[in-house]
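Numbering-wise (full-length UniProt numbering), the sequence shown opens with residue 1 and increments by one.
Working notes, beginning with the structure itself.
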Amino acid sequence: MEFLLTVQSTPTAFADRHIGARRQADVDTMLKAIGYDSVDGLVDVAIPDSIRQDTALKLQDALTEVQVLAELRKLASKNKTAVQMIGQGYYDTVTPPVIRRNILEAPAWYTAYTPYQPEISQGRLEALLNFQTMVQDLTGLPVANASLLDEATAVAEAVLLMRRANKNKTAKDGKTVLDSDLLPQTIAIVKGRAEALGFEVEIADLSAGLPDGDINGIVLQQPGVSGRVFDHSVVIADAKERGALVTVAADLLALTLITPPGEQGADIAVGTAQRFGVPLFFGGPHAAYMAVREGMERTLPGRIVGVSKDNAGVPAYRLALQTREQHIRREKATSNICTAQALLAIVASMYAVYHGPEGLKAIAETVHGHARTLAAALKKAGRELTSESFFDTLTVRVPGKADKVIGAAEARGINLRFIDADTVGVSIDETTTPEVLSAVAVAFGAGPVGDAAGFELPADVVRSSDFLQHPVFNTHRSETQLLRYIRRLSDRDLALDRTMIPLGSCTMKLNATAEMEAISWPEFASIHPFAPDHQTAGWRELIEDLEADLTEITGYDQVSIQPNAGSQGELAGLLAIRGYHLSRGDQQRTVCLIPASAHGTNAASAVLAGMKVVVVATAADGTIDHADLTAKIEANKDVLSCIMITYPSTHGVYDADVREVCDAIHAAGGQVYVDGANLNALVGLAQPGKFGGDVSHLNLHKTFCIPHGGGGPGVGPVAAKAHLAPFMPGDANKAAHEEGHGVAISASRYGSAGVLPISWAYVKLMGGQGLTDATKSALLAANYVASRLDEHFPVLYTGEGGLVAHECILDLRELTTRTGVTAEDVAKRLIDFGFHAPTLAFPVAGTLMVEPTESEDLAEIDRFIEAMITIRAEIEQVASGDFTLEKSPLRNAPHTAAAVVYSGWDRDYTREQAAFPVHHLKQDKYFPPVGRIDGAAGDRNLVCSCPPLEDFEN
Ligand SMILES: *Cc1c(COP(=O)(O)O)cnc(C)c1O
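This is the structure:
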């Protein structure tokens, strides 16, 4: 490998590929429109001097793509692959190559945005609805969401859901009881959350019955971490009798053979869909799931896909019940989760589509058969099993010999689970072969395995009900069929591989192919999160290196990449602040100030950190209202914990007074949380850790090129100053509260490690100079859009010199008052031009927020501007009475091919204006598969599993 590094760097630096408008002529055109001579001149005016960083980023010089891939190969070779039989919530699996290449590695899927614009998202919405249906069927519960972040945090969400939903007079304020056979990381995460919120958690062996006292809810696991399968029906009935709610964490593969939680009376089922074709990824990203019984859907956390109708009455998918989410409910939201694990949920759903009910059952039976075979061999050799009723995992007693057995297995290339000095765990998965079973048996000092004999599942837990009967799970059996199904769905959608996605606050930039390549290499993808350290040196080196680079970029002292979304980074940062105040005896400091314009996750996270939210008003110019800030600080000075600000603000402006705001908070004994979602406007130019922040989260799926995946994965590192370092996320698998660490935020130590090579590669490919150039180009592009569109749609907020930061808010409210045309109409009309809408109604209702990012070239930006100006002229046609609003191309957008060719066309505009409002669309036309979707109807009549096919045959 070494020789690759001596290859001459290509004449084209990667930064020139990453940055869209790199040619001097294009830069000059943009500068001229804004009225500047140089990019540096523009940047100097836009960014307040008081926050500018004075030294260039000290990062390694930029590498070429060839060099970066060679470096990644070197890191990968420092990891040691093994047969992973550790289990504990993570199992090896076969990702069918047709799914790996055409979903996990396919830009049409991984560069898509969260399906908030349902008309251009029908493909991924269908795949997510398949995921929900799969979870509902397997768990025996009627409503499931389309993914949570990991199994342990999903259980924590379930515990909080039980606490919200239990209305029983005596039980509702009771303790939460966790079965002692839960995954240890689950227990650690739930305890960490409970501590901040102040409710009691008890760990008990629930197979021996319920403990005394009032119980809000219980959590069981099927199978338990020990592998034990037992009939939950008695303890569930007892819990209900006492007014407690019941959650079961269940393994989806096991549920093909075992009675599902819903049939045993559970209210909630949670777990992970990892082993449905999603690689181990050293701990994540994986899709967690949650399903609930009827009546709980309105408090269910996470996104739910539902079925509604479009304006022609055609069934269409959309996100349902969005009013539960943090965007709208803020501190009253059901959860702080925003970015989830959509891409991984889609992979898991396709795994079920491909294998179908018989295929999944056959896999489960093979796994179970192998476990029985091994059990028989161990038993024959006199080894003791802690439970003789199991699905895939055996817990074996080997007094004093655990290390020896594990060493013997490792010598044969197999990882087993160290439980304690006397106990070893073995988990079987779909990749386990008879040879491996024999090698394991030998490591235990037993003879080679023979036939499966005995250890049948007890009759009272054997599943008798059908599952996955819908045609979608019974049609796509050949690879040709599945390939075409995947292609058909992705053709319905718009992602970055077709068009810019100018979503303010979301930074939909290039996700370069070279950045993506390493994630599916086995030396990264096939590593178990609890593999011994000496097998994971490459992973840890990459992670430490990335953390160090992010520390340099942000100006903080320490970074942890553990949180697996921005929302989780927020919680981690706020818990660090909480820990800091507690360590100083300041228990009373629990008030979190949040500007009215903040992202909804901020308020929702503050509540989860046990804080009280106090809102600070926005001044007319979009900055924080100083009088109100002073008043709120004064009113709360003894109880002030922190402020959460976003910088540049969610208004897309560099507020000049940010240092004063930070100083005022510090003077009152509070801490400053800087939401780093907008870091794309800062990298190389200003550092939150230097201008007053104590702690921030970043969104690697925004600024650092991890693709958005249609709603996840994400990585939300938390970055902090030294005084908060002792409270940074701990390891859920180390004994609670290791010295010098705070509570764990994710199930595994490095969260969504699997996608970190993407951000690592981005930083190395760009180098300090390239990253800084990217920030400047992002500013240039946003200011170009703002200056070109301002006369058509006024730019709501600007800073120094009338400039914006990396995004701009276009204000439509006056136009709406005058003509009735709404920002939503404009968003939908953009689809007819082949564009994804900008951010709608955040942070200001009645507006669109545009963020072009540095990756868009001038021609694409100009096409967008042309579309917006053309739409503006249509709005004028409504004003002048050329057509009524109801019969306008705006209100009737987007136009499907079916609508345009409809023989009963009776609109006041031509079919040509409908479909080809600008000339070049005649060659490259995207037709949405459905017209404008009626969201409210779908919420009134909630359907969130695959509907019968007849519904779609009209
Ligand atoms: C995206 C975003 C978040 C939430 O991040 P997730 O990764 O989606 O959880 C928080 N704050 C702001 C300003 C954001 O734009």
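Note that beta-carbon positions come from the ideal geometry of N, C-alpha and C, so glycine has one too.
Tell me, please, which residues DSSP counts as bridged to residue i.
{"i": "residue 962", "result": "Because the chain spans 1 through 954 in this model, residue 962 falls outside it and cannot be assessed."}
{"i": "Met350", "result": "In DSSP, Met350 forms no bridge with anything."}
{"i": "His697", "result": "Asp675 and Val718"}
{"i": "Val616", "result": "Pro595"}
{"i": "Thr636", "result": "It is worth fixing the name first, because residue 636 is Asn in this sequence and not Thr. For Asn636, which the question treats as bridged, DSSP gives no partner whatsoever."}
{"i": "Asp420", "result": "Thr423"}
{"i": "Tyr289", "result": "Gly271"}
{"i": "Met644", "result": "Tyr673"}
{"i": "Val795", "result": "Leu810"}
{"i": "Glu384", "result": "Arg397"}
{"i": "Arg52", "result": "Ala686"}
{"i": "Asn474", "result": "In the DSSP output, where bridge partners are listed per residue, Asn474 has none listed."}
{"i": "Phe390", "result": "Arg228"}
{"i": "Ile428", "result": "None, per the DSSP bridge assignment."}
{"i": "residue 955", "result": "No answer is possible for residue 955: the residues shown for the chain start at 1 and end at 954."}
{"i": "Ile258", "result": "Val462"}
{"i": "Gln481", "result": "Gln481 pairs with nothing; no bridge assigned."}
{"i": "Asp934", "result": "Lys309"}
{"i": "Leu503", "result": "Val850"}
{"i": "Val83", "result": "Ile414"}
{"i": "Ile624", "result": "Thr618"}
Between residue i and residue j, how many whole angstroms is the CB-CB distance? I'm expecting something under 8 Å.
{"i": "residue 960", "j": "Ala620", "result": "Residue 960 lies beyond the range of the chain shown here (1 to 954); nothing can be said about it."}
{"i": "Leu148", "j": "Ala288", "result": "4 Å"}
{"i": "Ala250", "j": "Gln222", "result": "5 Å"}
{"i": "Ile501", "j": "His836", "result": "4 Å"}
{"i": "Cys705", "j": "Gln132", "result": "Rounded, the Cβ-Cβ distance is 29 Å, inconsistent with contact."}
{"i": "Glu807", "j": "Gly504", "result": "4 Å"}
{"i": "Ala342", "j": "Ala146", "result": "7 Å"}
{"i": "Leu161", "j": "Val219", "result": "Going by Cβ atoms, the distance from Leu161 to Val219 rounds to 11 Å, so no, they are not a contact pair."}
{"i": "Ile203", "j": "Ala152", "result": "Their Cβ separation, rounded to whole angstroms, is 14 Å, which puts Ile203 and Ala152 out of contact at 8 Å."}
{"i": "Thr81", "j": "Pro458", "result": "Rounded, the Cβ-Cβ distance is 36 Å, inconsistent with contact."}
{"i": "Val305", "j": "Leu319", "result": "6 Å"}
{"i": "Gly265", "j": "Thr170", "result": "About 20 Å; that fails the 8 Å criterion."}
{"i": "Tyr556", "j": "His723", "result": "About 11 Å separates the two Cβ atoms, so there is no contact after all."}
{"i": "Leu779", "j": "Ala46", "result": "6 Å"}
key: Minimum length 4: unbroken alpha helix (DSSP H) runs contained in the segment 715-793   = 756-789
inquiry  = Between the segment 552-569 and the segment 699-718, can you find at least three pairs of beta-carbon atoms closer than 8 Å?
reply    = yes
key: 3-residue-minimum beta strand (DSSP E) runs that sit fully inside the segment 119-169, ordered along the chain   = none
Every unbroken beta strand (DSSP E) within the segment 523-608, with a cutoff of 3 residues, ordered by chain = 558-560 and 591-595
ask   = Residue ranges of each alpha helix (DSSP H) run of no fewer than 4 residues wholly in the segment 308-350, ordered along the chain?
value = Qualifying alpha helix (DSSP H) stretches, in chain order: 326-329.
inquiry  = Extract the residue ranges of the alpha helix (DSSP H) inside the segment 223-254, only unbroken runs of 4 or more that lie entirely within it.
reply    = 233-241
task = List in chain order the residues whose CB is within less than 6 Å of at least one heavy atom of ligand 1.
result = Ordered along the chain, the selected set is Cys338, Thr339, Ser505, Ala565, Gly566, Ser567, His599, Thr601, Thr646, Thr650, Asp675, Ala677, Asn699, Gly714 and Gly716.
contact_flag[the segment 843-857, the segment 917-927] where n(CB pairs < 8 Å) is 3 or more = no
Cβ pair count under 8 Å reaching 3, the segment 668-675 against the segment 796-807 = The segment 668-675, when compared against the segment 796-807, does not touch it at the 8 Å Cβ threshold.
query = Does the segment 11-20 come within contact of the segment 49-66, defined as at least 3 CB pairs closer than 8 Å?
reply = yes
Segment contact, 8 Å Cβ cut-off, at least three pairs: the segment 674-683 with the segment 644-653 = yes
Touch test, the segment 231-243 against the segment 194-204, Cβ-Cβ under 8 Å, three pairs minimum = At 8 Å Cβ cutoff, the stretches do not touch.
query = Would the segment 859-868 and the segment 521-531 be scored as touching if the rule is three or more Cβ pairs under 8 Å?
reply = no
message = Whether or not the segment 431-445 and the segment 405-414 are in contact is what I'm after, with contact meaning three or more pairs of Cβ atoms, one per stretch, closer than 8 Å; do they touch?
response = Output reads yes: the segment 431-445 touches the segment 405-414.
Inter-stretch contact at 8 Å, needing at least 3 Cβ pairs: the segment 475-482 / the segment 414-434 = Result no; under three Cβ-Cβ pairs closer than 8 Å.
inquiry  = Tell me whether the segment 680-698 and the segment 318-329 touch, counting them as touching only if at least three CB pairs, one residue from each stretch, are closer than 8 Å.
reply    = Contact between the segment 680-698 and the segment 318-329 is absent: fewer than three C-beta pairs spanning the two stretches fall below 8 Å.
query = Does the pairing of the segment 327-337 with the segment 354-370 give three or more beta-carbon distances under 8 Å?
reply = Output reads no: the segment 354-370 does not touch the segment 327-337.
message = For the pair the segment 738-758 and the segment 588-596, tell me if three or more CB-CB distances fall below 8 Å.
response = no
query = Would you call the segment 369-377 and the segment 421-439 touching, i.e. three or more CB-CB distances under 8 Å?
reply = yes
task = Report yes or no: do three or more beta-carbon pairs, one from the segment 46-60 and one from the segment 386-404, lie closer than 8 Å?
result = no
inquiry  = Between the segment 779-795 and the segment 22-38, can you find at least three pairs of beta-carbon atoms closer than 8 Å?
reply    = Yes: the two stretches touch, three or more of their Cβ pairs being nearer than 8 Å.
task = Determine contact between the segment 79-96 and the segment 485-501, defined as no fewer than three beta-carbon pairs at a distance below 8 Å.
result = no
task = Examine the Cβ distances between the segment 887-903 and the segment 927-935 and report whether three or more of them are shorter than 8 Å.
result = Result yes; three or more Cβ-Cβ pairs closer than 8 Å.
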